[in-house]
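Visitor:
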Amino acid sequence: MTAPASTVEELTAQRDRARQDHADLVARGLRLDLTRGKPSPRQLDLAEDLLDAQAPAVSADGTDLRNYGGLQGLPELRAIFGDSLQVPVEQLLAAGNSSLELMHDALVFAQLGVVPGGERRWVDEPEIAFLCPVPGYDRHFALCERFGIRMIPVPMTAGGPDMDVVERLVAEDPRVKGIWCVPKYSNPDGTVYSDETVRRLAAMPTAARDFRIFWDNAYAVHHLGDEPAEIADLLGLCAEHGNPDRAFVFGSTSKITFAGGGVAFFGASPANVEWWLSCTAKRSIGPDKINQLRHVRFLRDAEGLREHMRRHAALLRPKFDAVDKILTSELGGTGLASWTSPAGGYFISLQVPEGCARAVVAKAKEAGINLTPAGATHPYGDDPADRVIRIAPTYPELPEVEQAIAALATCVRLVGTEKILA
Ligand code: PLP
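Here's what the structure looks like:
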């Protein structure tokens, strides 16, 4: 690694100071958790009115929602989310409480049945692989591991996955059946896919005829600032480029209403939706429409949704600002770290010098700060450069975020200076 322009004496002094600061931290016996991107209790309180279920449980068209049926989910709820997920309402389904469950099901359905455009079930292929933009979401990678899908890391750029790499891999290898994408405020680096990236994903030739983009738009409306990021319309572009069935769109209200009691969405082409319903019809006689109705009554319409998200932003922005401010004051100009400043979503990605991420996480643990394990942002838990640490500042209250990030910065100073001097 490149040493910052400091003399050895200066570095030694910095390291000694970091050692002392770390020892002081350990002595304080902190217990702080920055591991998972959960909404804080105050964020959950914003949707407390959701709990006041009101009779009658009847939909706009007079359907008695207490009964079985309605596999597609409540039309009035799908209408609220159609625009933000960029899926026509008739192609958008409202399901249970977790989009991860739907991603799991999509893989199971593709393994055990033939997806539109496919020739055989994925389970009958000798091997299949997915492209995994890195850093990425550990639970996507866990699903691939669960189903024996080989993962091929693809580097992220400022505008999404490196499309030169993606285009080459999908064009040359029919075993590559899919790609994971978190197109807006990605987990963990907050990247927003550029229009060009989305267009190339929609248009690229793929060797596999049944190639699918798993478009996990988990943070579609989760803006931190006043200028919401807009991404290009993947479903529309796929249709325009002659690949109408290429995209599976996922989303949920987990980080809008209740992470444990929200509603998840699946959107795709008419052929994919028909295929999906034929699979889910065997699995369920219909989703929890009462919860969907609660969401309609609580959110009211698309403007109600935007208004609600502004309340989340008001709680979250100070935490994200604090992380940026503390990292800048503690690590800015040291050459020991760089980090993202996302305009939305739930995470910040911290890059430390090569070979240091695991050690930083371990030092933080000694000081009582729990971080997502280093490597979790990469397939098989292996960040080959050992550089990326995911920061999840949403759950703890602001003073705890401040304490935890200051402590984390101390660990970066300690591990970084020790590495340079080693
Ligand atoms: N997708 C991404 C990118 C996430 O970061 C998360 C949660 O952190 C999820 C999906 C989970 O979604 P759900 O709660 O709808 O299962």
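The working numbering numbers the first residue of the sequence shown as 481 and each following residue consecutively. Ideal Cβ positions, reconstructed from N, Cα and C, are used throughout, including at glycine.
Should the segment 879 to 895 be called in touch with the segment 487 to 504, which here means at least 3 C-beta pairs below 8 Å?
Guide: By the criterion of at least three beta-carbon pairs nearer than 8 Å, the segment 879 to 895 is in contact with the segment 487 to 504.
Visitor: Excluding the 5 residues flanking T820 on each side, which residues of the same chain have their C-beta closer than 6 Å to its C-beta?
Guide: D669, G670, I828 and S829
Visitor: Is it buried or exposed for A887, if we count other Cβ within 10 angstroms and need 16 for buried?
Guide: buried
Visitor: Could I get the ranges of all uninterrupted alpha helix (DSSP H) runs contained in the segment 483 to 568, with 4 residues as the minimum, in chain order?
Guide: Within the segment 483 to 568, the complete alpha helix (DSSP H) runs of at least 4 residues are 488 to 508, 521 to 525 and 555 to 565.
Visitor: Over what stretch of residues does the beta strand (DSSP E) that includes P633 continue unbroken?
Guide: Boundaries of the beta strand (DSSP E) around P633: R630 to T637.
Visitor: With burial defined as no fewer than 16 other Cβ atoms inside 10 Å of the residue's Cβ, what is the status of Q534: buried or exposed?
Guide: It is exposed - the Cβ of Q534 has fewer than 16 other Cβ atoms within 10 Å.
Visitor: Determine contact between the segment 518 to 525 and the segment 719 to 733, defined as no fewer than three beta-carbon pairs at a distance below 8 Å.
Guide: no
Visitor: Considering only the beta carbon of each residue, do P641 and V650 sit closer than 8 Å?
Guide: no
Visitor: Count the other C-beta atoms from every protein chain shown that fall within 10 angstroms of the C-beta of Q909, then say buried if there are 16 or more, exposed otherwise.
Guide: For the chain, the structure presents residues 481 to 902; residue 909 sits outside this window and is missing.
Visitor: From K657 to I608, what does the alpha carbon distance come to, in whole angstroms?
Guide: 6 Å
Visitor: Decide if the segment 496 to 510 is in contact with the segment 833 to 853; the criterion is three or more beta carbon pairs, one per stretch, under 8 Å apart.
Guide: yes
Visitor: Would you say N547 touches ligand 1, meaning its beta carbon is less than 7 Å from a heavy atom?
Guide: For ligand 1, not one heavy atom lies less than 7 Å from the Cβ of N547.
Visitor: Measuring from the CB of Y860, is there a heavy atom of ligand 1 at a distance below 7 Å?
Guide: Exclusion of Y860 from the 7 Å shell around ligand 1 follows from its C-beta lying no nearer than that to any non-hydrogen atom of the ligand.
Visitor: Measuring CA to CA, which of W660, P864, A498 and T487 is closest to L811?
Guide: A498
Visitor: Can you tell me the Cβ-Cβ gap for G824 and A709, rounded? I've got them flagged as a contact below 8 Å.
Guide: 6 Å
Visitor: Measure from the alpha carbon of C718 to the alpha carbon of each residue in P685, A739, G705 and Y699, then state which is nearest.
Guide: P685
Visitor: According to DSSP, is P798 part of a helix, a strand, or is it coil?
Guide: helix
Visitor: Within 10 Å of its beta-carbon, does L611 have 16 or more other beta-carbons around it, so buried, or fewer, so exposed?
Guide: buried
Visitor: What residue from T515, R511 and L510 has the CA that sits closest to R870's CA?
Guide: With distances taken between Cα atoms, R870 lies closest to T515.
Visitor: Do L904 and L779 have their C-beta atoms closer together than 8 Å?
Guide: The question about residue 904 has no answer, for the chain in this structure spans 481 to 902.
Visitor: Compute every distance between the C-beta of Y673 and the non-hydrogen atoms of ligand 1, then say whether any falls below 7 Å.
Guide: In this structure, the C-beta of Y673 stays at least 7 Å away from each heavy atom of ligand 1.
Visitor: On the three-state DSSP scale, how would you describe R692?
Guide: strand
Visitor: Return yes when at least one heavy atom of ligand 1 lies under 7 Å from the C-beta of A698, else no.
Guide: Yes, ligand 1 has a heavy atom inside 7 Å of this Cβ.
Visitor: Measuring only from the beta carbon, is L811 closer than 7 Å to any heavy atom that is part of ligand 1?
Guide: It does not: the Cβ of L811 is nowhere closer than 7 Å to a heavy atom of ligand 1.
Visitor: If you check the beta carbons only, do F746 and A590 fall under 8 Å apart?
Guide: no
Visitor: Under three-state DSSP, which class holds G861?
Guide: helix
Visitor: Opposite V729 in the DSSP bridges: which residues?
Guide: According to DSSP, V729 bridges with W695 and G747.
Visitor: Among A688, M643, V645 and W602, which residue has its Cα nearest to the Cα of F627?
Guide: Measuring from the Cα of F627, the nearest candidate turns out to be W602.
Visitor: Please name the residue or residues paired with P925 in a DSSP beta bridge.
Guide: For residue 925 there is no data in the structure shown, the boundaries of the chain being 481 and 902.
Visitor: For Y665, verify whether its CB is less than 7 Å away from any heavy atom of ligand 1.
Guide: no
Visitor: Please classify N577: does DSSP put it in a helix, a strand, or coil?
Guide: coil
Visitor: Can we count Y875 as close to ligand 1, meaning its CB is less than 7 Å from some heavy atom?
Guide: no
Visitor: Alpha carbon to alpha carbon, how far is A854 from M481? Give it in angstroms, no decimals.
Guide: Caution is warranted here: a pLDDT of 45 is assigned to M481, below 50, making its placement in the model unreliable, and the coordinate value is therefore given only provisionally. Rounded to whole angstroms, the separation of the alpha carbons of A854 and M481 is 19 Å.
Visitor: Return the first residue and the last residue of the beta strand (DSSP E) that V656 is part of.
Guide: V656 to C661
Visitor: Which same chain residues, not among the five before or five after V595, have their C-beta less than 6 Å away from its C-beta?
Guide: D690
Visitor: Taking C-beta to C-beta, are A802 and V881 nearer than 8 Å?
Guide: yes
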